[in-house]
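Heads up, the thing below is written out as structure tokens.
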């Protein structure tokens, strides 16, 4: 019976990864090209006054606000129905690009912001509910491999579609948008395979006792604990680097006309290598899952590896791309001769480092707050989302080299605060060997909160 239960949970993790892989094959491909697509629409329609970075900034601002309400909604609907609602929102966002009107783009930004809040809080909650302490690192790695491969498929399609194109014409734009929207819609079929986690009944009983208002209060009480406040500094760094990785770096590559006629195609190729880096990072996580459990600071080693890759990539980007490449098409020369090989290598390292950061955040939050995964995911996404939004807003005014100068110290500070929290958590667990059993047997919301404040 136990074997069957564990097998069902593993299947749920796999189906969750495939569901989001299909959905984000479309979303990542369009997001990676968003700045370039909007720029090409403006070239055809001068009255089209939309700034690509601002659209993404609005989406993350809405996301950061609404994510506080997501745990309350999950307490009523459970984790699965909000994911369906969010998927429909993502489809509407993709279709807005075919309208090519400013009002549609900004409305879509609001819709996708709300959808992201629902999806990622539900996803984190569902992943933790289908994991045990002994399988958590493995499950996160499996999920991340499937999810991160989404950057490969959609970008691969667009890569061949953009081959030889120096300019993205209207027919090409709409064809890409319609195909990606259809791909996103098909993810709903995979969602039907998701089963209910075996401990959902316990989770619902707890949630009913809380109610949506109590769920919101609990989120705030967790947010104000010492370790969570420290961890929020790490979340902030992850938000800044995610904005740079997802929307700023690839666009800067495409705007660097020193790459020649293949500059726009390099945008897609950059997305492909980002996905490859994420995929390798997921394999790395699974390979070291035993190591991270066996050694006290195994998780520090994983996130430290990501830090080294980030710092190397930032230095190479500084040399390879001109400062003005973040704003739009430029013939300015970089410090060295711009190399497409260096550009995609940096994408690979950024993707790998991003995976190291994200997987370790899920892991440490699940250890700290095993009974409150919806709340911790909401706090993580809120803090990260605020800094993603801020980074996109400021990207229209800060040169690429200035942004890199900000990322370097932030990455160091974020790594330090993560290790401080990890040390606190490990020391607390060492002092109380029965803490995991106490969490498992706890059915009240006050007991986990009290216990975790001590961590």
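Numbering (this note's numbering), first residue to last: 3 to 457. A virtual CB, placed ideally from N, CA and C, is assigned to each residue, including glycine.
Cα-Cα separation, residue 240 to residue 357: 11 angstroms
Completely contained alpha helix (DSSP H) runs for the region 94-165, where each covers 4 or more residues: 104-131, 138-150 and 152-163
Bounding residues of the alpha helix (DSSP H) (the contiguous stretch that carries residue 1): Nothing can be reported for residue 1: it is not among the residues displayed for the chain, which extend from 3 to 457.
Inter-residue Cα distance where the pair is residue 173 and residue 99: 12 angstroms
As assigned by DSSP and simplified to three states, the class of residue 258: strand
Proximity of residue 268 and residue 277 at Cβ, strictly below 8 angstroms: no
Straight-line Cα distance separating residue 350 from residue 383: 24 angstroms
Same chain only: Cβ atoms within 7 angstroms of residue 59, ignoring 5 sequence neighbours per side: 391, 394 and 395
Collapsed DSSP secondary structure at residue 12 in the structure displayed: helix
Helix, strand or coil at residue 338 according to DSSP, with G and I counted as helix: coil
Under the three-state DSSP convention, the category residue 84 falls into: helix
Nearest neighbour of residue 97, chosen from 36, 72 and 79 [CA to CA]: 36
Burial state of residue 325, where buried means 16 or more other Cβ atoms lie within 10 Å: buried
Residue 190 - containing alpha helix (DSSP H), residue span: 172-193
Contact check, residue 138 vs residue 368, beta carbons under 8 angstroms: yes
Span separating the alpha-carbon of residue 90 from that of residue 373: 29 angstroms
For residue 105 and residue 307, the rounded distance between their alpha carbons: 43 angstroms
CA-to-CA distance, residue 175 to residue 14, given in whole angstroms: 35 angstroms
Close-in-space but distant-in-sequence residues of the same chain around residue 19 (CB under 6 angstroms, 5 per side omitted): 145, 148 and 149
Same chain, Cβ closer than 7 angstroms to residue 76, neighbours up to 5 away in sequence not counted: 84, 123, 124, 127 and 376
Candidates 158, 109 and 416: closest to residue 386 by CA position: 416
Pairwise C-alpha distance: residue 55 and residue 428: 40 angstroms
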